[in-house]
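Trainee: Protein chains in written order, with full-length UniProt numbering: chain H, 1 to 466; chain L, 1 to 466. Take a look at this one; I'll ask things after.
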């Protein structure tokens with residue numbers, strides 16, 4: 001043993017966990033405005049489409065091969081697949097499927113992908129313990145609110161240290177949503193937060209591997225586990241967020257608790273959610289948007305491009321600077337591959353990020369002629385693209401904010417197109433449209449489990465889609 | 001989004017994960033000396049006794065109530081109980097039972113409790129995939145070696161930040177041991193380390209609650225999950241320990257990789273394991289040892305004690321300074337309660353740390369007359385106890401190193417007594433002695449699962465106890 005520093009309990013620190021938990025347990029669906037509920041519904045629809053769209057990825061096959069032999073009673077659906085697992089394992093798998101294409105949703109202030117951890121846990125639970133669509137949506141919005149507020153409190157220092165914040169903050173969202181759905185008392189909900197905090201994990205080092213999408217999956221599973229243990233009165237710390245050796249102090253050098261406690265119920269972080277138009281790391285999106293616009297402008301002249309130069313914020317290259325990706329998953333973290341695919345194919349969909357596409361000679365040839373400069377003056381959500389053609393002529397495109405950002409949000413129609421495009425590849429177009437319809441109809445469902453059943457082509461008990 | 005610092009990849013950093021994994025996969029049982037294997041066997045015997053001794057704790061009942069409904073095919077035993085669960089859940093439960101009394105083993109350089117995460121995962125696996133006692137012991141020793149070396153590399157900074165190192169380092173030990181047992185390739189073992197690193201968690205804030213013993217349980221379960229996913233070729237980072245945003249950099253300000261790589265196979269951290277004689281936080285042990293000696297010296301005069309003053313290292317009060325514990329679990333982190341119970345009852349066993357004992361008037365009356373001073377000059381493993389009697393006379397006892405430390409290790413007979421005393425309360429004395437015998441006979445067992453079966457009073461397939 002060696003010398004130890006002492007962290008004093010700071011009497012000035014508010015009782016963050018207690019106040020947040022009080023709000024979670026007390027809030028009713030009727031306290032949430034129609035506008036906020038509408039954005040929650042868009043979040044849900046987008047998440048279902050992504051979960052089905054990713055359902056056949058090799059990552060999912062391998063995870064299923066490993067954990068299926070350990071599944072308990074099959075109560076809950078792996079969306080878009082025939083397999084059913086116990087609710088804890090279904091939460092894990094749906095968290096993986098909905099994030100594996102990096103095509104899901106983003107809370108831009110923290111780069112949290114909010115729905116994966118929360119909706120995956122909640123829907124798996126809803127197949128075990130029946131839940132109305134209205135109650136489901138309330139719990140989903142509350143869970144996402146908690147997740148994003150806790151993220152705000154520690155971001156960016158927490159993320160910079162190397163934590164994948166979708167996993168680390170997501171587990172709180174999953175615990176809050178499922179804990180609310182099963183009616184935990186305030187005492188139990190505080191314990192659930194203790195259990196969630198002590199399971200909070202996920203390293204950015206895993207980006208570009210199958211383990212990245214494992215993070216929202218495990219956060220969903222761990223959050224649900226936390227709620228179930230607390231329900232059985234398995235006790236824990238009641239000050240998990242703010243204690244001297246609680247989540248915020250241990251995992252970050254920034255602890256802004258006003259981000260968690262201020263304006264609860266009036267300022268809604270969950271309503272700031274955005275939906276990706278492209279299936280890759282979000283900091284690449286301005287580049288893809290710009291390259292697609294260039295392609296639309298110049299047509300066949302894409303074949304006469306000599307070189308491309310990108311000017312971006314440093315974070316873009318830190319996160320997505322892979323020069324020679326070898327796999328589709330690595331391609332999602334290569335701004336070079338993404339630019340080449342957008343210029344040559346006009347593609348930013350999951351089809352642009354397959355192992356085959358990443359290694360296609362035409363694409364790699366252009367990719368290798370794309371360079372980039374990190375400029376701290378450039379905003380993280382912007383990019384300047386300079387194209388030089390074989391004949392020496394040049395073209396410049398500046399993207400201030402990309403499609404999918406809060407300034408240029410996806411319309412409902414674009415959400416629908418994204419949903420059908422990706423899920424039709426997995427379950428066929430008719431089934432995809434049926435699933436889209438029942439997903440939008442969430443608030444009128446007497447049992448949310450119907451959404452899961454439709455995704456897998458099974459008959460619903462009480463389908464009320466209309 | 002906000003500004004971000006950049007962590008450069010340091011070309012000087014050795015390929016820690018690769019070298020460690022090569023060693024894990026290549027080492028054979030015959031490479032390990034008889035002395036090191038003997039200490040591994042003592043570790044196993046002590047762990048079995050603790051797992052059975054803790055099996056009926058309320059913490060275990062509540063965990064079982066919560067997770068049993070989600071268990072898959074019942075292959076593996078909760079030691080000392082009739083319940084069987086799937087191997088992943090059995091790993092969780094045995095990690096809880098073996099640590100819940102805070103009576104297990106300690107690697108004193110890091111305060112890691114090594115066996116819980118590793119043995120719990122390995123024995124649960126051995127009931128699913130048959131394993132000889134010899135191979136089991138090799139995997140156990142390798143897992144504990146990995147766990148303690150990774151702990152050494154980041155301790156004390158990692159622990160000081162607030163991480164419960166038994167959980168955070170334990171998950172690597174569990175992944176290494178189970179990965180070796182199922183024959184992972186080097187490629188797969190590196191992935192298993194990526195999966196383990198990204199699940200590494202556990203906060204010291206949870207000390208004194210049921211969630212403390214959840215940590216070794218979840219580390220066991222997560223480590224086994226990592227090995228099983230890697231076996232299914234679920235890929236991950238191959239530089240999980242040393243990458244810029246890998247385990248060591250994200251969770252500590254100290255990264256001494258020589259602690260991991262130097263003298264592999266010759267210096268054995270696993271052979272430094274020690275076994276607790278008292279069922280509470282290890283920094284209290286010198287105080288209990290001293291108070292028991294005082295009681296032995298003064299007999300009935302314990303009833304004439306006016307006050308007691310302890311002089312300890314500051315860490316002792318930081319970790320175990322609870323003045324008025326309310327529960328048995330809190331009592332394990334109260335040097336005041338522990339001293340009072342040792343003086344009045346001569347007790348440091350699990351019976352000293354029940355809810356009833358912690359609230360007994362005679363004990364609380366003496367407890368409230370015990371004070372303590374933190375003295376940085378006092379070694380963490382020492383204590384000075386000053387007793388003042390009603391008649392004004394005084395007595396001083398100094399403990400340099402307590403029973404159970406490496407300087408005063410438990411003999412095999414003392415390990416046996418500890419085993420039988422605690423496990424007889426759960427399964428009866430005859431069964432406890434039968435279990436003790438088969439546990440010592442580990443290396444001659446063709447199937448380690450027999451140990452689990454005997455602990456639960458079931459018939460063994462091929463019991464060879466002798």
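No residue lacks a Cβ here, since even glycine has one placed at the ideal position from N, Cα and C. Everything numeric in this text was worked out from a predicted model, so none of it was measured.
Taking its Cβ as the centre, do 16 or more other Cβ atoms sit within 10 Å of residue 365(L), making it buried, or is it exposed?
Mentor: If you number the second chain from 1, residue 365(L) lands on position 365. So residue 365(L) ends up on the exposed side.
Trainee: Residues in its own chain within less than 8 angstroms of residue 167(L) by CB, not counting five upstream and five downstream?
Mentor: Position 167 of the second chain holds residue 167(L). Excluding sequence neighbours, residue 167(L) sits near 117, 200, 201, 202, 215, 216, 218 and 219.
Trainee: Please state whether DSSP places residue 1(H) in a helix, a strand or coil.
Mentor: By one-based count along the first chain, residue 1(H) stands at place 1. In this prediction, residue 1(H) has a pLDDT of 35, which is less than 50 and means its spatial position is unreliable; nothing more can be read from the coordinates.
Trainee: Please classify residue 389(L): does DSSP put it in a helix, a strand, or coil?
Mentor: In the second chain, the residue the question calls residue 389(L) occupies position 389. Residue 389(L): strand per DSSP, three-state reduction.
Trainee: Is residue 27(H) helix, strand or coil by DSSP?
Mentor: Taking the first residue of the first chain as 1, we reach residue 27(H) at position 27. Look at residue 27(H) here: in three-state DSSP terms it is coil, with no helix or strand label.
Trainee: List, in chain order, every chain L residue whose beta-carbon is nearer than 9 angstroms to that of residue 194(H).
Mentor: Along the first chain, read from residue 1 onward, the residue named residue 194(H) stands at position 194. Identification of chain L residues near residue 194(H) by a Cβ-Cβ cut-off of 9 angstroms yields 203, 205, 206, 209 and 211, ordered along the chain.
Trainee: For the beta strand (DSSP E) containing residue 308(H), list its first residue and its last residue.
Mentor: Translated into the one-based positions of the first chain, residue 308(H) becomes position 308. Per DSSP, residue 308(H) belongs to the beta strand (DSSP E) from 305–312.
Trainee: Sorted by chain position, which residues of the same chain lie with C-beta nearer than 6 angstroms to residue 94(L)'s C-beta, five sequence neighbours on each side aside?
Mentor: Mapped onto the second chain, residue 94(L) falls at position 94. Here the set comprises 51, 79 and 120.
Trainee: Would you report the Cα separation of residue 395(L) and residue 172(H), rounded to the nearest angstrom?
Mentor: The count along the second chain starts at 1 and reaches residue 395(L) at position 395. The count along the first chain starts at 1 and reaches residue 172(H) at position 172. Roughly 52 angstroms between the two C-alpha positions.
Trainee: Determine the chain H residues that contact residue 88(L) at a beta-carbon separation under 9 angstroms, and present them in chain order.
Mentor: On the second chain, residue 88(L) is found 88 positions in, with the first residue counted as 1. Residues of chain H passing the Cβ test: 67 and 70.
Trainee: Is the beta carbon of residue 211(L) sitting closer than 8 angstroms to the one on residue 236(H)?
Mentor: What you label residue 211(L) is simply residue 211 of the second chain in a count that begins at 1. What you label residue 236(H) is simply residue 236 of the first chain in a count that begins at 1. For residue 211(L) and residue 236(H), yes; Cβs fall inside 8 angstroms.
Trainee: Please list, in chain order, the residues of the region 233–250 of chain H that have any C-beta partner in chain L closer than 8 angstroms.
Mentor: Listed by position, the residues of the region 233–250 of chain H near chain L (Cβ gap below 8 angstroms) are 233, 234, 235, 236, 237, 239, 240, 243, 244, 245, 246, 247, 249 and 250.
Trainee: Establish whether the CB of residue 396(H) and some CB of chain L are separated by less than 8 angstroms.
Mentor: The residue you call residue 396(H) lines up with position 396 of the first chain. Cβ-Cβ to chain L under 8 angstroms: no for residue 396(H).
Trainee: At a Cβ threshold of 8 angstroms, is residue 229(L) touching chain H?
Mentor: Taking the second chain and counting its residues from 1, one reaches residue 229(L) at position 229. Residue 229(L) counts as touching chain H.
Trainee: For chain H, find out if any of its Cβ atoms is closer than 8 angstroms to the Cβ of residue 62(L); answer yes or no.
Mentor: Within the second chain, residue 62(L) is the residue found at index 62, counting from 1. For residue 62(L), the answer is yes, since a Cβ of chain H falls inside 8 angstroms of its Cβ.
Trainee: Per DSSP, what kind of secondary structure is residue 373(L) in: helix, strand or coil?
Mentor: Within the second chain, numbered from 1, the residue matching residue 373(L) stands at position 373. Looking at residue 373(L) - three-state DSSP - the assignment turns out to be strand.
Trainee: For a contact meaning CB atoms closer than 9 angstroms, what does residue 215(L) contact in chain H?
Mentor: On the second chain, position 215 is the one that residue 215(L) refers to. Near residue 215(L) (Cβ distances below 9 angstroms), the residues of chain H are 198.
Trainee: Beta carbon of residue 279(H), beta carbon of residue 348(H): below 8 angstroms?
Mentor: The count along the first chain starts at 1 and reaches residue 279(H) at position 279. The count along the first chain starts at 1 and reaches residue 348(H) at position 348. Yes, they are a contact pair.
Trainee: Do residue 62(L) and residue 234(H) have their CB atoms nearer than 8 angstroms?
Mentor: As a position in the second chain, residue 62(L) is number 62, starting the count at 1. As a position in the first chain, residue 234(H) is number 234, starting the count at 1. Yes. Within cutoff.
Trainee: According to DSSP, is residue 163(L) helix, strand or coil?
Mentor: If you number the second chain from 1, residue 163(L) lands on position 163. It is a strand residue.
Trainee: At 4 residues or longer, and completely inside the region 94–174 of chain H: list those alpha helix (DSSP H) runs for me, N to C.
Mentor: 115–128, 133–154, 157–161 and 165–168
Trainee: At a CB-CB cut-off below 7 angstroms, which residues of chain H make contact with residue 218(L)?
Mentor: What you label residue 218(L) is simply residue 218 of the second chain in a count that begins at 1. Within chain H, the residues near residue 218(L) are 199.
Trainee: Where DSSP assigns a beta bridge to residue 273(L), which residues make up the other side?
Mentor: By 1-based counting over the second chain, the position of residue 273(L) is 273. DSSP output for residue 273(L) lists 107(L) as bridge partner(s).
Trainee: Taking only beta carbons into account, state which residues of the region 158–169 of chain H come closer than 7 angstroms to chain L, listed in chain order.
Mentor: 160, 161, 162 and 163
Trainee: Look at the alpha carbon of residue 247(L) and the alpha carbon of residue 17(L), and state the distance between them as a whole number of angstroms.
Mentor: Within the second chain, residue 247(L) is the residue found at index 247, counting from 1. Within the second chain, residue 17(L) is the residue found at index 17, counting from 1. The alpha-carbon atoms of residue 247(L) and residue 17(L) are separated by roughly 11 angstroms.
Trainee: Does residue 57(H) come out as helix, strand or coil in the three-state DSSP assignment?
Mentor: Here residue 57(H) corresponds to residue number 57 of the first chain, with the count starting at 1. Reduced to three states, the DSSP call for residue 57(H) is coil.
Trainee: Can you tell me whether residue 341(H) sits near the ligand COA, meaning its C-beta is under 7 angstroms from at least one heavy atom of the ligand?
Mentor: Questions concerning the ligand COA fall outside what the structure shown contains, since it holds no ligand whatsoever.
Trainee: Kindly say whether residue 9(H), judged by its beta-carbon, lies nearer than 8 angstroms to any beta-carbon of chain L.
Mentor: Here the question's residue 9(H) lines up with position 9 in the first chain. In this predicted model, residue 9(H) has a pLDDT of only 49, less than 50, meaning its place in the structure is not dependable; the value taken from the coordinates is given anyway. No - not a single Cβ of chain L is within 8 angstroms of the one on residue 9(H).
Trainee: Using a Cβ-Cβ cutoff of less than 6 angstroms, which residues in the same chain neighbour residue 222(H) once the five nearest sequence positions on both sides are dropped?
Mentor: Reading the first chain from its first residue, position 222 is the one you call residue 222(H). Only 171 and 199 meet the Cβ criterion.
Trainee: Which partner residues of residue 397(L) appear in the DSSP bridge assignment?
Mentor: As a first step, residue 397(L) must be located in the second chain, where it is residue number 397. DSSP lists 385(L) as partners of residue 397(L).
Trainee: Would you identify the three-state DSSP class for residue 85(H), choosing helix, strand or coil?
Mentor: To locate residue 85(H), count along the first chain from 1; it is residue 85. DSSP, read as helix, strand or coil, puts residue 85(H) in strand.
Trainee: Nearest to residue 102(H) by alpha carbon, out of 440(H), 393(H), 400(H) and 333(H)?
Mentor: The residue you call residue 102(H) lines up with position 102 of the first chain. Comparing Cα positions, the closest option is 333(H).
Trainee: Can you check which of these residues, 340(L), 182(L) and 146(L), is closest to residue 197(L) by C-alpha distance?
Mentor: One-based indexing of the second chain puts residue 197(L) at position 197. Of the candidates 340(L), 182(L) and 146(L), the one whose C-alpha sits nearest the C-alpha of residue 197(L) is 146(L).
Trainee: DSSP three-state call for residue 321(L): helix, strand or coil?
Mentor: Within the second chain, residue 321(L) is the residue found at index 321, counting from 1. Three-state result, residue 321(L): strand.
Trainee: List the whole-angstrom C-beta distance separating residue 111(H) from residue 294(H), where the pair is believed to meet the contact cut-off of C-beta under 8 angstroms.
Mentor: To locate residue 111(H), count along the first chain from 1; it is residue 111. To locate residue 294(H), count along the first chain from 1; it is residue 294. Not quite, the Cβ-Cβ distance comes to about 26 angstroms (not below 8 angstroms), so this is no contact.
Trainee: When we look at the beta-carbon of residue 263(H) and count the other beta-carbons within 10 Å, is it buried (16 or more) or exposed?
Mentor: As a first step, residue 263(H) is located in the first chain; it is residue number 263 there, counting from the start. Looking at its Cβ environment, which holds fewer than 16 other Cβ atoms inside 10 Å, residue 263(H) is exposed.
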